[in-house]
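In what follows, a structure is listed as structure tokens, so that the remarks can point back to it.
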Amino acid sequence: MKHSTAQVIKLNFDDNNLARSLFGPHDNNLRSIEDRLGVDINVRGGHLHISGQKERIKLVENILNQLYTLLKKGYPILGRDIEQAIKLLSEDDNLKLGNLYLDSIFIPGKKKVIAPRSTGQAQYMRAILQNDLVFGLGPAGTGKTFLAMAMAVTSFLKGEVSRIILTRPAIEAGEKLGFLPGDLVEKIDPYLRPLYDALHDMLDSEKILKMLERGDIEVAPLAFMRGRTLADSFVILDEAQNTTREQMKMFLTRIGLGSKVVVTGDTTQIDLPREKMSGLSHAVNVLKDVEGIAFHFMNASDVTRHQLVGRIITAYEKSEQ
804 MKHSTAQVIK
814 LNFDDNNLAR
824 SLFGPHDNNL
834 RSIEDRLGVD
844 INVRGGHLHI
854 SGQKERIKLV
864 ENILNQLYTL
874 LKKGYPILGR
884 DIEQAIKLLS
894 EDDNLKLGNL
904 YLDSIFIPGK
914 KKVIAPRSTG
924 QAQYMRAILQ
934 NDLVFGLGPA
944 GTGKTFLAMA
954 MAVTSFLKGE
964 VSRIILTRPA
974 IEAGEKLGFL
984 PGDLVEKIDP
994 YLRPLYDALH
1004 DMLDSEKILK
1014 MLERGDIEVA
1024 PLAFMRGRTL
1034 ADSFVILDEA
1044 QNTTREQMKM
1054 FLTRIGLGSK
1064 VVVTGDTTQI
1074 DLPREKMSGL
1084 SHAVNVLKDV
1094 EGIAFHFMNA
1104 SDVTRHQLVG
1114 RIITAYEKSE
1124 Q
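Sequential numbering from 804 applies to the sequence shown in the working numbering.
See the structure below:
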């Protein structure tokens, strides 16, 4: 897009390899910036010529310089980071993206860094660090379970807890497993599979198997928590919107000494029968003033899946309103 009042600036990046990572495969990151902000970017090696309206050029310069600084510090930049940087710095040009990455988690086994991709995610991670019980609520793709899982793995590897317990309602309408084919493992596996998938993003398959065999990691349906005391553990209850009030109370009263608990869910995706109130919705109202419990609410701006997901969520929210 050409501007009749266009201005031009030149940006230089001294490391060609990092510059290529910043620009993306076939300069796709730069093309995304062009499309979103209506500027022209011409590439010459590690040099860029950017033309467009003054305010837009200043924003592009801020985005690229901050992302390049993160690359120099060893943080990977993905396509979704470009979208997120455009959004965040468009809202607040004084924001330092590096501050988000201060909350990053290094997973040794996978040699990867997991960092919050929005201010909401950073606040969520800090809430988990500072509180023994955290409710993370928000739509799909906001990283509620994934970030909690990363913090659980890190906490275990540091020796802060002796085991990780991952649980979720085994089936939407009250864990009625008897009608499904197969033995108990085959019955519950489809409902627990997302938790296994998240684990495999954090740890090697061999290590996961060993930890499961030793009991360092336990993945089980919520019904299996009844009558137990969950001590010295990092416990994650996923898909909590599909618990009943009784199940939620049962789970929360299992918390033992030395444990940290994260409850995640999306109250817009409740699959319980209409006559059943969600235990998550009920807990938010009942426990909102209880000292020591943190509630963190995410929204479409925290979505880290395909950029379309955030737009889809926003469209549905507008329709429902």
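Glycine included, every Cβ here is placed at the ideal spot set by N, Cα and C.
Bear in mind that the values here come from a model prediction, so they are computed numbers and not experimental data.
Check                                                                                                                         : Outcome
Assigned secondary structure, residue 937 (DSSP; H/G/I helix, E/B strand, else coil)                                          : strand
Whole-angstrom C-beta distance between residue 884 and residue 849, which should lie under 8 angstroms                        : Not confirmed; about 19 angstroms, so no contact.
Close beta carbons around residue 1112, own chain, < 6 angstroms, minus the five adjacent residues each side                  : 944 and 1106
Beta-carbon spacing of residue 1062, residue 1034 below 8 angstroms                                                           : yes
Other residues of its chain near residue 1021: CB distance less than 6 angstroms, five sequence neighbours each side excluded : 968
Whether residue 1091 touches residue 1098 by CB criterion (8 angstroms)                                                       : yes
Length at least 3, wholly inside the segment 873-956: the beta strand (DSSP E) runs in chain order                            : 908-910, 915-917 and 936-940
Three-pair Cβ contact test at 8 angstroms for the segment 876-895 versus the segment 937-951                                  : no
Among 881, 1001, 1036 and 1046, nearest to residue 791 - alpha-carbon criterion                                               : The structure shown does not extend to residue 791, since the chain spans only 804 to 1124, so no value can be given for it.
Residue from 946, 1002, 862 and 878 with nearest C-alpha to residue 888                                                       : 862
Residue from 859, 856, 864 and 901 whose Cα sits closest to the Cα of residue 1125                                            : What the structure shows of the chain is the stretch from 804 to 1124, and residue 1125 is not part of that stretch, so it cannot be assessed.
Touch test, the segment 998-1018 against the segment 1076-1093, Cβ-Cβ under 8 angstroms, three pairs minimum                  : no
Pairwise C-alpha distance: residue 996 and residue 865                                                                        : 41 angstroms
For residue 843, the residue or residues it bridges with in DSSP                                                              : 854
Top-ranked residue by Cα proximity to residue 908, from 879, 1074, 1048 and 1084                                              : 879
Contact the segment 1044-1061 vs the segment 997-1006: 3+ CB pairs below 8 angstroms                                          : no
Three-state class that DSSP yields for residue 1082 in the structure shown                                                    : helix
First and last residue of the uninterrupted alpha helix (DSSP H) at residue 1011                                              : 1008-1017
According to DSSP, residues forming a beta bridge with residue 1076                                                           : According to DSSP, which records beta bridges pairwise, residue 1076 is partnered with nothing at all.
Short Cβ contact (8 angstroms threshold) for residue 1039 with residue 948                                                    : yes
Cβ-heavy atom distance, residue 841 to the ligand MN, below 7 angstroms                                                       : The model on display carries no ligand, and the ligand MN is accordingly not part of it.
Identified DSSP bridge partners for residue 815                                                                               : 850
Collapsed DSSP secondary structure at residue 1097 in the structure displayed                                                 : strand
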